[in-house]
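Chains as they are written, first to last, in the UniProt record's numbering: chain A, 1 to 236; chain B, 1 to 236.
Note that CB positions come from ideal geometry on N, CA and C, so glycine has one too.
None of the values given here were measured: they were computed from a predicted structure.
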DNA sequence: TAGATTGTTAATCGATTAACAATC
DNA sequence: TAGATTGTTAATCGATTAACAATC
C-alpha cells in the first residue's frame with residue numbers, strides 16, 4: 001500500500017510543505033498562462049507569495065527538477081508537483097448538505113478545474129430532492145453508501161449545519177470515505193486513518209479580530225479599547 | 001496604540017495559540033449550553049479536539065484563570081478568552097462580491113453570533129444592485145470608502161472571482177481596512193500592517209488528495225497508482 | 001490531610017531562513 | 001570561462017509534549 005515505484009525521492013514530505021504545493025501549482029499555472037516557459041525560484045516564490053529559500057527547500061523534497069544557473073521549466077515542474085499532490089488523477093467527491101454554502105460549493109469551478117469531480121449532492125431534507133444544482137441532482141442522504149461504492153468516492157465534503165455534521169461524518173466513514181473537508185463549525189471525531197480538514201469562517205474572522213484589536217483599528221474603537229477594563233466593550 | 005491597562009499578562013501570544021482560542025471559546029459555549037459550570041483542562045481539551053497539555057499551555061499565555069485541584073469556571077474562562085480575542089466588542093464587516101459564495105457568507109449565522117455585523121454587501125455588477133440579501137441591500141462597489149468610514153469597518157471579506165480580488169483588496173486598503181479575509185483563489189499583495197487570511201477550497205481538497213493518494217484509497221485507484229510511472233494517471 | 005488539577009519547566013520536534021558550495 | 005541559480009547545510013526559531021512541583 002505504501003510501496004512506490006523505485007527512483008521516487010518523495011517520501012515524508014513535511015506537512016507545511018504539502019500545504020504549499022497547491023499554491024506553487026497555481027502560481028505555475030498563472031506563469032504558464034502568461035506564456036512563461038522558464039522561471040527562477042525567485043520568480044515563482046514571488047508569484048506564490050513566499051520567500052525563495054522556502055520555495056527551494058520545499059521543492060527539494062520532491063526531487064531535483066530545476067537546472068542550476070537556469071531555473072525551472074514551468075510545464076515540467078507543474079506536472080511533477082501535480083503528480084506529487086495526486087491531481088493528475090480524477091477525484092470523485094460527494095457534497096452533503098445543500099443549503100446556501102452547499103450551493104456555492106457545488107457551483108464552485110475550482111473543484112472541477114483541479115481534478116475534483118462532484119459526483120453527488122446529498123441532503124436529508126426531502127424538499128431539496130427535487131432540485132438540480134450545477135447540473136447534478138440532489139439525492140437523499142440515505143443514498144450515500146451506494147454512491148460512494150458506485151463512484152469510488154474517497155473525499156466527502158460536509159456543508160450541513162453543525163448539529164448534523166458528526167452523524168454525516170460517521171456515515172461517510174462507514175461508507176469507506178477516509179478524507180473529509182468539514183465546513184460545519186464543529187469538532188468531528190473520526191477513527192485513526194481518516195483525515196479531516198476544517199474550514200471555519202467564524203474562526204478566521206476571530207483571528208483577524210484578535211490582530212485588529214492589537215493594532216488599534218479605527219480611531220474610535222481603539223479609544224474604546226484603551227478607555228479601561230471595558231467590561232461591556234461595545235465601541236461607540 | 002499598543003498600550004494596555006496594567007495587570008494584563010497578555011502580550012505576545014504565539015500565532016498557533018491565537019488560532020486555537022476561538023476553538024476553545026466555541027467548546028466552552030457548548031459546555032455552557034449543556035449546563036456545565038466547571039470543567040477540567042481534560043474536559044475542555046476533549047471538547048476542543050486537542051490534548052490537555054497544549055490547552056493548558058495555551059491558556060497560560062492569557063493568565064491564570066483556573067483553580068488547581070478544581071478546574072475552570074466555564075463562564076469566567078469564556079469571558080476572558082472572548083475579551084482576549086476581541087469579540088466582546090462589535091466588529092462591522094463588509095462583504096465584496098455577492099455571487100454564490102457571497103450569498104452564503106451573507107446568510108451565515110456564525111458571523112452574527114460572534115460579534116461580527118455585516119454592514120454592507122457590495123458588488124461591481126449593477127444587475128445585483130436591486131437585490132436584498134439576508135436583509136441587507138447590495139450596493140455598488142464604488143460606495144466602499146463611504147461605507148467604511150460611516151461604519152468604522154475594520155474587516156473586509158472578498159468573495160469575488162480571482163481576477164477581481166487584488167483590485168478589491170487595493171480599494172479596501174485605500175479605504176482604511178487593515179484585515180482582509182480572502183476567499184478568492186489568488187495571492188493578494190498588501191502593504192505591511194495589513195493582515196490577510198485566506199480560505200481556499202481548492203487547496204484544502206488538494207491537501208486531502210495528497211494524503212489520500214498516499215493512503216491508497218479505493219482499491220482500484222491504488223492499483224492505478226502502483227501500476228507504474230502513470231504518465232496519464234487516470235484511474236479506471 | 002489526601003486527592004485532584006493547574007501552571008510551568010524542559011526536552012523534543014518540526015519549520016524557517018540565510019548562506020554557500022555545487023554546477024549549469 | 002564568468003555569471004547565474006539551484007539544492008543543501010546548519011543555525012535559528014517556534015510549537016508540541018510529557019512530566020511534575022505548586023497549590024487548591
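Cutoff 8 Å; reference residue i; Cβ partners in own chain excluding five residues on either side
i	result
residue 6/B	Because the pLDDT at residue 6/B is just 34, under 50, the model does not fix this residue reliably, and the value given afterwards should be weighed accordingly. Hits under 8 Å: none found.
residue 101/A	159 and 183
residue 178/B	154, 193, 194 and 195
residue 152/B	92
residue 2/B	Confidence in residue 2/B is poor, its pLDDT being 34 and thus under 50, which makes the residue's placement unreliable; the coordinate value appears in the next sentence. Nothing listed; no residue qualifies.
residue 203/B	185
residue 51/A	45
residue 128/B	98 and 138
residue 126/A	140
heavy atom of the ligand SAM below 7 Å from residue i C-beta
i	result
residue 171/A	Ligands in the displayed structure: none, and consequently the ligand SAM is not present.
According to DSSP, residues forming a beta bridge with residue i
i	result
residue 140/B	123/B
residue 182/A	158/A and 198/A
residue 67/A	71/A
residue 92/A	117/A
residue 38/A	73/A
residue 133/B	136/B
Rounded distance between the beta-carbons of residue j and residue i, thought under 8 Å
i	j	result
residue 104/A	residue 98/A	Not quite, the Cβ-Cβ distance comes to about 10 Å (not below 8 Å), so this is no contact.
residue 27/B	residue 44/B	6 Å
residue 17/A	residue 61/A	6 Å
residue 185/B	residue 170/B	That belief does not hold up - the Cβ atoms of residue 185/B and residue 170/B are roughly 18 Å apart, past 8 Å.
residue 121/A	residue 144/A	The Cβ separation is near 11 Å, so there is no contact.
residue 114/B	residue 148/B	With 8 Å as the limit, residue 114/B and residue 148/B do not qualify as a contact, their Cβ atoms being about 21 Å apart.
residue 48/A	residue 31/A	In fact, because the Cβ distance is near 10 Å, the residues do not count as touching under 8 Å.
Spatial neighbours of residue i in its chain, beta-carbon cut-off 7 Å, leaving aside the 5 residues before and after
i	result
residue 196/B	180, 182, 188 and 190
residue 173/B	190, 191 and 194
residue 56/A	41
residue 12/A	none
residue 90/B	115 and 117
residue 161/B	184
residue 70/B	38
residue 22/B	85
Residue closest to residue i, alpha-carbon to alpha-carbon, out of the options
i	options	result
residue 119/A	128/A, 127/A and 133/A	133/A
residue 82/A	137/A, 204/A and 24/A	24/A
residue 74/A	33/A, 53/A, 58/A and 51/A	33/A
residue 206/B	46/A, 185/A and 85/A	85/A
residue 165/B	66/B, 176/B and 141/B	141/B
residue 176/A	162/B, 168/B, 212/B and 150/B	212/B
residue 111/B	76/B, 77/B and 157/B	157/B
residue 163/A	131/A, 124/A and 135/A	124/A
residue 271/A	77/A, 68/A and 94/A	Since the first and last residues shown for chain A are 1 and 236, residue 271/A lies out of range.
residue 36/B	77/B, 208/B and 135/B	77/B
residue 208/A	214/B, 209/B and 198/B	198/B
Residues of its chain near residue i, where Cβ-Cβ distance is below 6 Å and the 5 sequence neighbours each way are ignored
i	result
residue 14/A	none
residue 66/A	72
residue 131/B	138
Using a beta-carbon distance cut-off of less than 7 Å, what residues from the region 188-203 of chain A approach chain B? Taking 7 Å as the Cβ-Cβ cut-off against chain B, the residues of the region 188-203 of chain A that qualify are 195, 197, 199, 201, 202 and 203.
Check each residue of the region 204-217 of chain A: if its Cβ is closer than 8 Å to any Cβ of chain B, include it; give the result in chain order. Here the close residues are 204, 205, 206, 207, 208, 209, 210, 211, 212, 213, 214, 215, 216 and 217.
When you check each C-beta in the region 164-189 of chain B against every C-beta of chain A, which residues fall closer than 7 Å? Of all residues in the region 164-189 of chain B, 178, 179, 181, 185 and 187 have a Cβ within less than 7 Å of some Cβ in chain A.
Please name the residues in the region 114-142 of chain A whose beta-carbon is closer than 9 Å to at least one beta-carbon of chain B, in chain order. Hits within the stretch, in order: 114, 115 and 116.
Tell me which residues of the region 25-56 of chain B have at least one Cβ-Cβ distance to chain A shorter than 8 Å, keeping chain order. Cβ contacts with chain A: 25, 26, 27, 47, 48 and 49.
Taking a Cβ distance cut-off of 8 Å, strictly less, list which residues of the region 57-90 of chain B are near chain A, in chain order. Using a CB distance below 8 Å, the part of the region 57-90 of chain B facing chain A consists of 83, 84, 85, 86, 87, 88, 89 and 90, ordered along the chain.
Compile a chain-ordered list of the residues in the region 146-166 of chain A whose CB is closer than 7 Å to at least one CB of chain B. Taken in chain order, the members of the region 146-166 of chain A whose beta-carbon sits within less than 7 Å of a beta-carbon on chain B are 152, 154 and 155.
Proximal residues, the region 102-113 of chain A versus chain B, C-beta separation under 8 Å: The region 102-113 of chain A vs chain B, Cβ under 8 Å: 103, 104, 105, 107, 108, 110, 111 and 113.
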